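Colleague: To start, I am sharing the structure in question, which I have written as structure tokens.
Protein chains: 2
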Amino acid sequence: MEREKPSLAKLFSPRGVAIVGASPSGRVSFATMVVLSLKEAGFPAIYPVNPKYTEVLGLPCYPSLQAIPGVVDHVVVSIPAESALGLLDDCAAKGVKSVHFFTAGFSESGYTERAELERAMMSKARAGGFRIIGPNCVGLFVPKSRLVNAFGIPLEPGPISFISQSGGHAQNLPFYSGPRGLRFSKVVSYGNALDVDESELLDYFSQDTETDIIAAYIEGVKDGRRFLRALGEAAARKPVVIYKGGTTEAGKRAAHGHTASLTSSVAVFDALCKQVRTIQVDDMEELIDVLVALRFARPLPRDTGVAIVGAGGGPSVLASDEMEKAELHLPYLSPEVQADLRQFLPLAGSIFSNPVDAPNLASPEAISATMRVLGKVPDIHMLVYHLGFHPISRWGGGRFSAAAFLRPVIDALIEAQQAIGKPVLLALRPAPDLPGMKDFLTAQEAFVEAGFPVFHSLRQVAKAMARVVAWNQA
Amino acid sequence: MEREKPSLAKLFSPRGVAIVGASPSGRVSFATMVVLSLKEAGFPAIYPVNPKYTEVLGLPCYPSLQAIPGVVDHVVVSIPAESALGLLDDCAAKGVKSVHFFTAGFSESGYTERAELERAMMSKARAGGFRIIGPNCVGLFVPKSRLVNAFGIPLEPGPISFISQSGGHAQNLPFYSGPRGLRFSKVVSYGNALDVDESELLDYFSQDTETDIIAAYIEGVKDGRRFLRALGEAAARKPVVIYKGGTTEAGKRAAHGHTASLTSSVAVFDALCKQVRTIQVDDMEELIDVLVALRFARPLPRDTGVAIVGAGGGPSVLASDEMEKAELHLPYLSPEVQADLRQFLPLAGSIFSNPVDAPNLASPEAISATMRVLGKVPDIHMLVYHLGFHPISRWGGGRFSAAAFLRPVIDALIEAQQAIGKPVLLALRPAPDLPGMKDFLTAQEAFVEAGFPVFHSLRQVAKAMARVVAWNQA
């Protein structure tokens with residue numbers, strides 16, 4: 080007999096979490112890491128479960144779910160697949176709402192009996208009135224509920240939700256994008272999608288008032304028609320950015336071994352995404368870039384004209400090539416505009432034709448004046464300022480990291496952006512050494528705090544903005 | 080009357096260097112930076128020249144070239160273009176062999192009189208019996224002679240020479256590639272190419288016994304026929320890697336403003352490069368990647384079969400897609416090979432079909448055994464091991480940075496590479512935060528020291544190796 084299945088909303092704010100398979104060992108194990116992460120995040124009711132121990136990381140450890148005195152809404156499972164069915168009986172008895180299986184080795188292993196095991200688990204979930212997340216995934220990250228599955232990532236909630244068929248990507252996105260200012264409402268790693276799947280998640284986030292932007296990593300969809308409907312409804316309400324893994328023969332093979340996904344034809348998937356006005360990206364780096372653009376570029380440009388500003392002839396040539404290859408457009412500056420620029424940029428070592436390159440383009444006055452002149456050009460719709468972190472810049476006493484340098488530049492860019500009403504984008508190049516990375520991270524933090532979209536290369540600016548403009552024009 | 084012009088060999092080991100325009104100020108100025116760099120590199124005879132000062136950075140400062148007591152072979156010039164001709168008279172009187180103009184604002188400024196000034200400078204050089212490097216460039220970096228033009232870069236000599244029409248790229252290449260193990264014989268930034276140009280430099284490095292690999296950043300060539308001959312001769316002797324800047328309309332415009340280059344048609348340039356078996360790349364990052372592959376992949380693969388090894392399903396799917404997009408090939412593993420792998424890789428959480436992904440692929444034993452099994456597969460010609468630096472890895476006490484973790488893994492990879500006779504390539508992903516970057520840089524240093532080619536993403540491995548294989552097959 081089937082009981083009513085809990086809605087996803089119930090999953091995102093559990094009152095108590097049990098972690099089955101946690102151990103006190105210092106070894107890197109997922110279950111123990113979750114206990115530590117929940118503890119550090121201040122989650123109020125954490126229950127490690129393992130008959131072998133009485134304590135895990137200072138918390139009482141219980142021999143079974145039944146032995147836990149408090150309410151348990153969510154169960155994190157990291158025990159061998161062979162023990163899954165017995166555990167699900169315990170979950171039903173305890174009245175939980177959701178069970179997340181980190182455990183892998185199910186249908187994706189290719190063994191028939193493991194696929195059958197999944198079907199038996201599904202029956203137990205429906206009979207027990209709870210949901211299954213995964214198996215073969217890292218589950219839920221909901222900062223607002225302090226429900227976390229990793230540490231070292233920002234815990235402030237934000238407006239982005241991410242659904243990911245890969246656990247690695249689910250943990251990497253908040254980690255890698257954190258320093259660039261991205262914050263998340265909910266991240267759901269759903270692995271083999273036995274129960275909770277991409278379409279249900281899209282439906283949920285489409286309606287979720289705490290989600291303004293939806294990101295997705297998808298290897299394969301279970302039901303193309305249902306997915307298209309869910310995607311269409313979500314994309315009509317919010318920007319949806321999709322990274323499809325498994326777009327080549329080898330990639331499909333890996334996706335099948337990874338999450339048992341039978342990835343659909345790339346052409347079909349691409350066509351679906353285009354029909355419903357989503358933004359498709361090619362990898363995780365591009366996913367972050369597009370999210371940064373959507374989140375922080377104000378206003379979002381509707382056209383492809385871009386101006387490039389910064390010191391360095393080589394980077395300026397590269398910038399031009401990258402922008403045009405990405406099908407952005409660098410409008411040529413009229414003699415009048417060039418004459419305006421020559422009033423405060425020196426003849427020697429400068430390029431005035433867009434890109435604008437001048438040796439004094441690290442001074443706030445020159446940056447501000449240049450931005451204001453370029454911002455008035457009608458067919459320029461966004462402005463890029465680029466900056467490197469060569470040891471030369473450290474020579475003057477770390478001028479690129481010093482508040483004395485950064486603050487005036489940032490203030491100049493804020494004022495210029497307000498005055499011209501067009502977005503200013505930053506291209507900060509990470510350094511290859513530790514002193515350079517310190518400068519780079521300090522600068523990035525300051526620009527991000529001031530609300531600017533920060534990218535790590537001119538190519539990344541070009542590719543992300545080209546995608547965002549195309550989406551915004553559609 | 081023309082005097083014999085010195086050969087380039089004379090330029091690379093000057094006995095004394097004068098820096099015209101140096102000042103004692105702490106401001107970032109090129110001339111003063113060169114004085115400091117030469118001093119730190121231990122160059123024996125450094126002569127700052129500036130009539131306004133008597134001392135620069137603890138060295139006696141001279142009012143003119145003539146006032147210098149010692150021999151001066153090379154002059155670095157950073158004074159306004161207007162004073163160039165008078166200075167060249169002084170250079171002739173002093174009997175110097177080469178004059179490098181950092182000074183910009185010549186033909187690239189677009190003013191007719193500045194182009195005429197360049198021609199007058201050229202006449203003075205021929206009459207005075209010295210060579211001009213630039214103008215509008217950063218000049219010479221020759222570690223063996225301690226002739227340096229920047230600091231914070233490795234000073235050990237190495238087998239790569241780089242000719243660069245961009246000063247920024249000339250300084251960036253040794254800086255950004257240093258931590259990946261690249262070392263240089265000579266780096267020449269030649270800017271507007273008034274006298275010393277790309278073809279003469281190619282001829283020189285083609286014959287230079289201290290140069291095994293030639294890298295070039297070129298915006299435009301002065302004489303296509305001469306360049307093709309020089310390129311052909313160089314490419315017949317050594318690998319030549321070319322990054323052509325200004326491949327789009329906007330890029331050409333920027334290149335013209337940058338170094339007065341009239342960049343040729345991209346199609347023509349591409350055809351030239353293909354005729355003579357060079358490796359073309361699209362940006363500086365790719366230039367570094369290809370140089371790393373040429374320098375450290377042993378043996379250089381002649382075919383496209385690649386095996387991917389490492390933990391993480393998402394990265395494995397990405398790896399597959401990137402490799403195939405770059406037209407590398409991931410051979411499917413036969414049931415026999417998969418059975419071999421299953422002997423030491425767990426069922427749960429693993430992919431056995433190439434990519435090989437298993438949760439224990441951070442253990443030296445599992446890595447070594449996997450590499451040996453894959454290395455025997457005939458259509459696998461290179462093996463990639465990938466590793467990220469997520470905070471999770473720091474939890475176990477910084478296991479990825481600790482010698483206790485790294486040393487056994489590196490030893491296992493060295494032994495496996497020797498046993499299988501195929502190159503092992505590393506894809507180490509830089510971290511977004513400082514603790515992660517510390518781990519990353521420590522690991523990178525250890526792998527580089529052990530002689531491995533290290534790349535920073537799977538995409539970079541794919542693109543670089545595809546180019547190297549194509550070149551090696553040609």
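Going down the list, the sequences are from chains A and B.
Sequence positions in the first sequence follow the numbering used here and run 80 to 553.
Sequence positions in the second sequence follow the numbering used here and run 80 to 553.
Even glycine gets a Cβ: it sits at the ideal position worked out from N, Cα and C.
Treat the numbers as computed from the prediction; the structure is a model and nothing was measured.
#1: If you count every other CB in all the chains shown that lies within 10 Å of the CB of alanine 553(A), and 16 or more means buried, which is it?
#2: Put arginine 210(A) into one of helix, strand or coil per three-state DSSP.
#3: For a contact meaning CB atoms closer than 8 angstroms, what does glutamate 406(B) contact in chain A?
#4: Give me the Cα-Cα distance between aspartate 518(B) and phenylalanine 526(B), rounded to the nearest whole angstrom.
#5: Which one of Ala448(B), Gly467(B), Gln250(B) and Arg377(B) has the shortest CA to CA distance from leucine 234(B)?
#6: From which residue to which residue does the alpha helix (DSSP H) around isoleucine 242(B) run?
#7: Does the beta carbon of proline 487(A) come closer than 8 angstroms to any beta carbon on chain B?
#8: When the Cα atoms are used, what is the spatial distance from glycine 100(A) to isoleucine 158(A)?
#9: Is the CB-CB distance between isoleucine 212(A) and serine 177(A) below 8 angstroms?
#10: My assumption, with CB atoms under 8 angstroms, is that phenylalanine 181(B) sits in contact with valine 217(B). Please give the rounded CB distance.
#11: Check whether the stretch 446–459 of chain A and the stretch 479–499 of chain A touch, using three or more Cβ-Cβ pairs below 8 angstroms as the test.
#12: Along the chain, where does the alpha helix (DSSP H) containing histidine 337(B) start, and where does it finish?
#13: State the Cα-Cα distance for the pair phenylalanine 308(B) and lysine 353(B), rounded to the nearest angstrom.
#14: Can you tell me whether DSSP reads valine 452(A) as helix, strand or coil?
#15: Does any C-beta atom of chain B lie closer than 8 angstroms to the C-beta of phenylalanine 375(A)?
#16: Rounded to whole angstroms, what is the Cα-Cα separation between lysine 323(B) and aspartate 276(B)?
#17: What is the DSSP secondary structure of leucine 351(B), counted as helix, strand or coil?
#18: Can you name, in chain order, every residue of its own chain whose Cβ lies under 8 angstroms from the Cβ of leucine 366(B), other than the five neighbours on each side?
#19: Quick one: give me the first and last residue of the beta strand (DSSP E) that proline 127(B) is part of.
#20: Could you check what DSSP says for aspartate 276(A) in three-state terms: helix, strand or coil?
#21: Could you give the residue range of the alpha helix (DSSP H) that holds alanine 522(B)?
#22: Please return the same chain residues whose Cβ sits closer than 7 angstroms to the Cβ of alanine 120(B), not counting the five positions on each side in sequence.
#23: At a cut of 8 angstroms, does the stretch 82–94 of chain B reach the stretch 190–199 of chain B through at least three beta carbon pairs?
#24: Does leucine 167(A) pass the burial test, meaning 16 or more other C-beta atoms within 10 Å, or should it be called exposed?
#25: What separation, rounded to the nearest whole angstrom, lies between the Cα atoms of alanine 405(B) and glycine 165(B)?
#26: Between the Cα of alanine 333(A) and those of Glu298(A), Ser116(A), Ala541(A) and Val435(A), spot the shortest distance and give me the residue it belongs to.
#27: Would you mind telling me which residues of chain B sit closer than 8 angstroms to glycine 251(A), beta carbon to beta carbon, in chain order?
#28: Could one say the Cβ of histidine 460(B) lies closer than 8 angstroms to chain A's Cβ atoms, at least one of them?
#29: What are the partner residues of tyrosine 296(A), as DSSP defines its beta bridges?
#30: How many Å lie between glutamate 134(B) and aspartate 152(B) at the Cα?
#31: Residues bridged to isoleucine 387(B) by DSSP?
#32: Tell me whether aspartate 302(A) is buried or exposed, calling it buried when 16 or more other Cβ atoms sit within 10 Å of its Cβ.
#33: Since threonine 338(A) and glutamate 494(A) should fall inside the 8 angstroms C-beta cutoff, what is the C-beta to C-beta distance between them, to a whole number of angstroms?
#34: If we ignore side chains and look at the alpha-carbon of each, how far apart do arginine 284(B) and isoleucine 358(A) end up?
#35: Measure the beta-carbon distance from proline 434(A) to glycine 247(B) and round it to whole angstroms, keeping in mind my assumption that it falls under 8 angstroms.
#36: Just to check my reading of the structure: serine 143(A) and proline 130(A) have Cβ atoms closer than 8 angstroms, yes? What is that Cβ distance to the nearest angstrom?
Modeller: To lay it out plainly:
#1: exposed
#2: Looking at arginine 210(A) - three-state DSSP - the assignment turns out to be strand.
#3: Those do not exist, as glutamate 406(B) stays about 10 angstroms from chain A at its closest Cβ, beyond 8 angstroms.
#4: 12 angstroms
#5: When each option's Cα is compared against that of leucine 234(B), the closest is Gln250(B).
#6: Counting along the chain, isoleucine 242(B) falls outside any alpha helix (DSSP H), though it belongs to the beta strand (DSSP E) covering 236–243.
#7: no
#8: 5 angstroms
#9: yes
#10: Correct: roughly 6 angstroms between the Cβ atoms.
#11: yes
#12: Here the alpha helix (DSSP H) through histidine 337(B) covers 328–338.
#13: Looking at the sequence shown, residue 308(B) is not phenylalanine but arginine. Take the alpha-carbon of arginine 308(B) and the one of lysine 353(B): they are about 13 angstroms apart.
#14: helix
#15: no
#16: 15 angstroms
#17: helix
#18: Leu252, Ala294, Tyr296, Val320, Tyr322 and Val360
#19: 125–128
#20: Reduced to three states, the DSSP call for aspartate 276(A) is coil.
#21: 513–528
#22: Arg225, Val227 and Leu234
#23: no
#24: buried
#25: 54 angstroms
#26: Glu298(A)
#27: According to the sequence as given, residue 251(A) is asparagine; it is not glycine. For the C-beta of asparagine 251(A), the chain B residues within less than 8 angstroms are, from N- to C-terminus, Gly393, Gly467 and His469.
#28: no
#29: Ser243(A) and Tyr322(A)
#30: 21 angstroms
#31: As a beta-bridge residue in DSSP terms, isoleucine 387(B) pairs with Val463(B).
#32: exposed
#33: Not confirmed; about 49 angstroms, so no contact.
#34: In the sequence as presented, arginine is not what sits at residue 284(B); that position holds phenylalanine. One C-alpha to the other measures close to 47 angstroms.
#35: 13 angstroms between Cβ atoms; not a contact.
#36: 7 angstroms
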